[in-house]
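Per my numbering, the very first residue in the sequence shown carries number 65; after that it's consecutive.
Even for Gly, the Cβ is constructed at its ideal location relative to N, Cα and C.
Everything below concerns the one structure shown next.
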Amino acid sequence: MCIRVRFAPRDQLEPWDAEQQIIAIPDELSATTLYTLRAVRAVLRQLGIDQEPFGARCWCGDEIELFPAIPQQRRSDEVIHLGA
């Protein structure tokens, strides 16, 4: 797979970084793989890469793999006030 996917805040979002070959997706779409995959497919289609009915394919033909996002840790004061 040639393309990587990362999550970014909307104000720092650049959907396609050609130099690093990274597709950036808004943080809010990281909640489910379905939304992330739709966003990735949309960017790939805009780049002229034909997509099959399911999944997302890189221009090299490999399937785009989505790794689970690692959530930010809650700050210690949140744990104290809200409980762990």
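| query | result |
| --- | --- |
| Under 8 Å between the Cβ atoms of W80 and I87? | yes |
| Alpha carbons only, please: which of R74, R109 and Q85 is nearest the one belonging to L93? | R74 |
| A95 by DSSP, collapsed to three states: which one? | helix |
| Could you pull the start and end residues of the beta strand (DSSP E) that I89 belongs to? | I86 to P90 |
| Could you tell me the alpha carbon to alpha carbon distance between G119 and E83, rounded to whole angstroms? | 24 Å |
| Here's the rule: buried if 16 or more other CB atoms are within 10 angstroms of the residue's CB, otherwise exposed. What is L108? | buried |
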